[in-house]
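Quick note, this note's numbering runs 97 ahead of the 1-based positions in the sequence shown.
We put the CB at the ideal spot given by N, CA and C, even for glycine.
Below is one structure, written out as structure tokens; comments come after it.
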Amino acid sequence: MDDLPRDGYLKRILPFLDKPVIKVLTGMRRVGKSSLLRLLIQRLRESGVAENAILFIDLESLEWDSLRTYSDLNHYIKDSFRGVPAPRYVFIDEVQEITGWERVVNSLLSEEFADITITGSNAHLLASELATYLSGRYVEFPIFPLSFQEFLQFRSPNAGDRRDEFQLYLRYGGLPGIHRFELNDQTVFAYLNGVYNTLILKDVVTRNQLRDPGQLDRITRFAFDNCGNILTAKRISDYLKNQKLSTGVDKVINYLSFLEQAHLLKKVIRYDIKGLRNLELYEKYYMGDIGLRHGLLGYRDRDIGGLLENVVYLELLYRGYRVFIGKWGDKEVDFVAERADERLYIQVTLQLGTPETIEREFSVLEKIDDNFVKVVLSLDEFQSINRGGIRHVNLLDFLLQVPPSSGSTV
Numbered sequence: 098m099d100d101l102p103r104d105g106y107l108k109r110i111l112p113f114l115d116k117p118v119i120k121v122l123t124g125m126r127r128v129g130k131s132s133l134l135r136l137l138i139q140r141l142r143e144s145g146v147a148e149n150a151i152l153f154i155d156l157e158s159l160e161w162d163s164l165r166t167y168s169d170l171n172h173y174i175k176d177s178f179r180g181v182p183a184p185r186y187v188f189i190d191e192v193q194e195i196t197g198w199e200r201v202v203n204s205l206l207s208e209e210f211a212d213i214t215i216t217g218s219n220a221h222l223l224a225s226e227l228a229t230y231l232s233g234r235y236v237e238f239p240i241f242p243l244s245f246q247e248f249l250q251f252r253s254p255n256a257g258d259r260r261d262e263f264q265l266y267l268r269y270g271g272l273p274g275i276h277r278f279e280l281n282d283q284t285v286f287a288y289l290n291g292v293y294n295t296l297i298l299k300d301v302v303t304r305n306q307l308r309d310p311g312q313l314d315r316i317t318r319f320a321f322d323n324c325g326n327i328l329t330a331k332r333i334s335d336y337l338k339n340q341k342l343s344t345g346v347d348k349v350i351n352y353l354s355f356l357e358q359a360h361l362l363k364k365v366i367r368y369d370i371k372g373l374r375n376l377e378l379y380e381k382y383y384m385g386d387i388g389l390r391h392g393l394l395g396y397r398d399r400d401i402g403g404l405l406e407n408v409v410y411l412e413l414l415y416r417g418y419r420v421f422i423g424k425w426g427d428k429e430v431d432f433v434a435e436r437a438d439e440r441l442y443i444q445v446t447l448q449l450g451t452p453e454t455i456e457r458e459f460s461v462l463e464k465i466d467d468n469f470v471k472v473v474l475s476l477d478e479f480q481s482i483n484r485g486g487i488r489h490v491n492l493l494d495f496l497l498q499v500p501p502s503s504g505s506t507v
């Protein structure tokens with residue numbers, strides 16, 4: 098089920114096969130990076146590449162547990178291809194499990210020994226080594242949970258009305274593995290809670306040698322519970338102190354950064370639209386997958402505003418935008434999204450049911466005096482408000498657009 102083609106990613110990655118660059122798929126565990134490797138391997142086989150010219154190494158599997166060092170990895174790859182002529186293809190899943198992996202990859206690239214594609218789940222670990230050893234010689238492909246459009250593809254042929262399906266998407270998120278089960282709270286939340294515990298243990302506690310996982314759990318729960326709200330380390334520290342749990346601001350900052358590195362949280366900085374500069378205070382945090390939040394905390398309808406923002410934020414990342422929170426005077430724009438020479442200003446709300454809501458969502462966009470696209474997204478089905486050149490678009494219509502390679506998508 099989780100090997101269904103994810104054409105958006107394949108179209109981006111396939112042109113770089115047989116090119117002298119490392120292909121690096123990054124993202125949280127269980128978002129489908131391994132499945133994408135298998136799909137790429139399938140495409141190679143279909144194009145006539147011999148089976149012995151393809152090597153897939155899954156460093157999460159016990160089958161490759163004997164590969165402990167970068168030297169082990171290098172010898173295994175060379176031995177596996179003994180007598181096999183070029184072109185050769187190497188796929189390494191969760192490469193960060195081998196200390197010094199970058200030395201092997203750099204050597205293989207320098208020797209033009211094989212075409213190399215790797216995946217990894219730790220943002221900081223990969224970024225530091227890639228920048229140091231492979232600068233200018235790799236292409237990164239961030240992999241995210243299923244978009245709503247992909248969610249519907251995984252649900253086919255059982256998908257119902259798109260509004261009902263969106264409620265399932267809001268509740269259970271976009272990890273491909275949930276589609277192995279019947280979508281109900283008892284089953285899916287148990288699965289998601291298991292995934293969360295694995296991610297926390299492998300990519301946060303063990304990776305960073307944390308001695309106080311209880312504090313990490315409290316900080317994670319607080320961050321998840323404040324999805325879409327302004328969140329500072331001091332606010333978390335003060336909350337913990339009120340719970341008679343003394344945790345300094347520096348420690349909170351470190352724990353938040355560990356959660357970011359594991360892709361469980363994503364920090365979005367504020368952008369002063371007037372001053373055209375980034376602001377260093379009062380960031381927001383969104384979740385790498387909204388389903389993981391509900392597996393941990395349960396689903397609550399009252400949090401719908403933050404959840405809708407989270408969905409739009411991940412969709413914008415999937416489409417290749419850099420995303421900020423906008424600030425205009427004392428007003429906030431939910432998202433400023435930039436890609437090449439394109440910029441979008443986006444407000445997200447549940448419904449435009451009152452004049453007060455319409456004024457709040459449109460008025461701040463009206464103040465921004467440039468010619469970039471400005472749009473308000475909501476779940477309203479039967480009304481369309483266009484005011485001052487600002488478009489009102491149904492959120493589901495936005496999510497189900499086929500994103501073009503360039504140009505506005507709204």
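Residue i (DSSP reduced to helix, strand or coil)
i: F297; result: According to the sequence as given, residue 297 is Ile; it is not Phe. I297 falls in the helix class under three-state DSSP.
i: T284; result: helix
i: G145; result: coil
i: D431; result: strand
i: N483; result: coil
i: R252; result: helix
i: D212; result: strand
i: E380; result: strand
i: P557; result: Residue 557 lies beyond the range of the chain shown here (98 to 507); nothing can be said about it.
i: L447; result: coil
i: F421; result: strand
i: N375; result: strand
i: F229; result: Before going further, note that residue 229 is Thr rather than Phe in the sequence given. Three-state result, T229: helix.
i: V461; result: helix
i: F241; result: coil
i: L289; result: helix
i: Y167; result: helix
i: V349; result: helix
i: K116; result: coil
Beta-carbon separation (whole angstroms), residue i vs residue j, contact threshold 8 Å
i: N219; j: G325; result: The Cβ separation is near 25 Å, so there is no contact.
i: D212; j: L137; result: In fact, because the Cβ distance is near 10 Å, the residues do not count as touching under 8 Å.
i: L141; j: I174; result: Actually they do not touch by this definition, with Cβ atoms about 17 Å apart.
i: V292; j: I316; result: Actually they are not in contact, since the Cβ atoms of V292 and I316 sit about 19 Å apart, beyond 8 Å.
Residue i Cβ short of 7 Å to the ligand ZN heavy atom set
i: N407; result: As for the ligand ZN, it is missing from this structure, which has no ligand bound.
Neighbourhood of residue i by C-beta distance below 6 Å, restricted to the same chain and skipping five residues each side
i: R126; result: S218, L296
i: P230; result: The sequence as given places Tyr at residue 230; Pro does not occur at that position. Closer than 6 Å at the Cβ level, and outside the excluded window around Y230, lie E199, N203.
i: V409; result: V445
i: N171; result: V201
i: N305; result: F355
Nearest-angstrom Cα separation, counted from residue j out to residue i
i: A183; j: A147; result: 10 Å
i: R58; j: V181; result: The structure shown does not extend to residue 58, since the chain is modelled only from 98 through 507, so no value can be given for it.
i: P501; j: R416; result: Confidence in P501 is poor, its pLDDT being 47 and thus under 50, which makes the residue's placement unreliable; the coordinate value appears in the next sentence. Rounded to whole angstroms, P501 to R416 spans 9 Å at the Cα level.
i: R103; j: L111; result: 12 Å
i: S177; j: D386; result: 37 Å
i: F248; j: R277; result: 13 Å
i: Y396; j: T446; result: 19 Å
i: G465; j: Q444; result: Here the sequence assigns Ile to residue 465, which means Gly is not the residue at that position. If you take the alpha carbons of I465 and Q444, they lie about 13 Å apart.
i: L164; j: R419; result: 37 Å
i: F210; j: G233; result: 18 Å
i: I327; j: L353; result: 14 Å
i: N351; j: E160; result: 34 Å
i: E478; j: F245; result: 17 Å
i: E509; j: L414; result: Missing from the structure shown is residue 509; the chain here goes from 98 to 507 and no further.
i: A150; j: R179; result: 10 Å
i: E226; j: K338; result: 37 Å
i: L124; j: N323; result: The identity of residue 124 in the sequence shown is Gly, whereas the question assumes Leu. Looking at the two C-alpha atoms, the distance is approximately 22 Å.
i: Q340; j: I215; result: 43 Å
i: N375; j: D261; result: 38 Å
Close-in-space but distant-in-sequence residues of the same chain around residue i (CB under 8 Å, 5 per side omitted)
i: T388; result: Note that residue 388 is Gly in the sequence shown, not Thr. The answer, listed in chain order, is P242, R268, Y269, G270, G271, L272, I275, V285, L289.
i: N483; result: H489
i: L336; result: The sequence as given places Tyr at residue 336; Leu does not occur at that position. Cβ within range, chain order: F319.
i: V236; result: F113, V118, I119, K120, V121
Beta-bridge pairing of residue i - partner residues as DSSP gives them
i: H489; result: V473
i: L441; result: A434, V470
i: I151; result: Y186
i: Y368; result: N375, G423
Sequence-distant residues of its chain with Cβ nearer than 7 Å to residue i (five each side left out)
i: R109; result: F238
i: G129; result: D99, R103, I240, P273
i: W425; result: I370, K371, V461, K464, I465
i: L107; result: L136
Beta carbon proximity, residue i to chain E, threshold 8 Å
i: P273; result: Although the question refers to chain E, the structure presented lacks it and comprises just one protein chain.
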